[in-house]
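Colleague:
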Amino acid sequence: MWDGLFLQFYSYQYAGYINKMEQRLSISEITPLTTEWTCKVQAVDKFRPRDSRDQRVHFQTIIVQDVNEEQVCVILYGDDIRRCDNLFELFETYLISTAKVRNPQPYSLHIGQFEWIVDRFTIVESIQKNNENEAPLPLPSRLSTISFADVAQQPSGVEVDLLAVVANCGAMQYTADQIHVQEETSLRHYMGRLGKQ
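So for the sequence shown, full-length UniProt numbering puts the first residue at 1; every next one is plus one.
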């Protein structure tokens, strides 16, 4: 009898734990103090793996956004980069559960208030386009694309998106103070954000 009661209690507790993990939160609701959360996101930018300036940290940055188009940086380190190689494809939808949440590091992009560290303990589930139980997120609606020819005619302070591909990229050149970097780049169809000043 006691064994049966224990199993019923254990099953109830385990189901409660799963339900907590299924607590869906938006990016803005997730802080370093948030535990047992899940967020539905879409990868909107994925950078190549690189090293920090002191060459001690090998990392990769991915920008994801939720249904409200709030964004956060996902950071992968070391072996986790290879482990997640088939994940975070552009404009694909994922459920991320219990990533480590922290303040952005000095070498990180400062997209939001926090950044997420995805490691071997993080659950990342790909949502397929034909999934009947979990619909993928729609494509981002914030894109406001214009042609290169129309950039000069845009009013000051307007933010637009350009679609181009890097056709030629010169070597990085540092100024005498080693702080400012200059790089000559030719663009064709690259997606990037341009804020006219």
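Note that CB positions come from ideal geometry on N, CA and C, so glycine has one too.
Under DSSP, the alpha helix (DSSP H) around residue 83 begins and ends at which residues?
Modeller: The sequence position of residue 83 within the sequence shown is 83, counting from 1. First-last of the alpha helix (DSSP H) with residue 83: 79 to 83.
Colleague: Which residue from 114, 93 and 95 puts its Cα closest to that of residue 33?
Modeller: As a first step, residue 33 must be located in the sequence shown, where it is residue number 33. Answer by Cα proximity: 114.
Colleague: DSSP on residue 111, reduced to helix/strand/coil?
Modeller: Here residue 111 corresponds to residue number 111 of the sequence shown, with the count starting at 1. Three-state DSSP puts residue 111 in coil, outside helix and strand.
Colleague: Can you tell me which residues form a DSSP beta bridge with residue 116?
Modeller: Residue numbering aside, residue 116 sits at position 116 when the sequence shown is read from its first letter. In the DSSP output, where bridge partners are listed per residue, residue 116 has 74 and 101.
Colleague: Output the boundary residues of the beta strand (DSSP E) element that contains residue 63.
Modeller: Residue numbering aside, residue 63 sits at position 63 when the sequence shown is read from its first letter. Note, residue 63: beta strand (DSSP E), 58 to 65.
Colleague: From what residue to what residue does the beta strand (DSSP E) around residue 38 run?
Modeller: Residue mapping note: residue 38 aligns to position 38 of the sequence shown, counting from 1. From DSSP, the beta strand (DSSP E) with residue 38 extends over 38 to 46.
Colleague: Identify whether residue 35 lies in helix, strand or coil by the three-state DSSP scheme.
Modeller: Taking the sequence shown and counting its residues from 1, the one referred to as residue 35 is at position 35. Here residue 35 sits in coil by DSSP.
Colleague: Between residue 106 and residue 52, what straight-line distance do the alpha-carbon atoms span, to the nearest angstrom?
Modeller: Here residue 106 is taken as the residue at index 106 of the sequence shown, counted from 1. Here residue 52 is taken as the residue at index 52 of the sequence shown, counted from 1. Near 10 angstroms, if we compare the C-alpha coordinates of residue 52 and residue 106.
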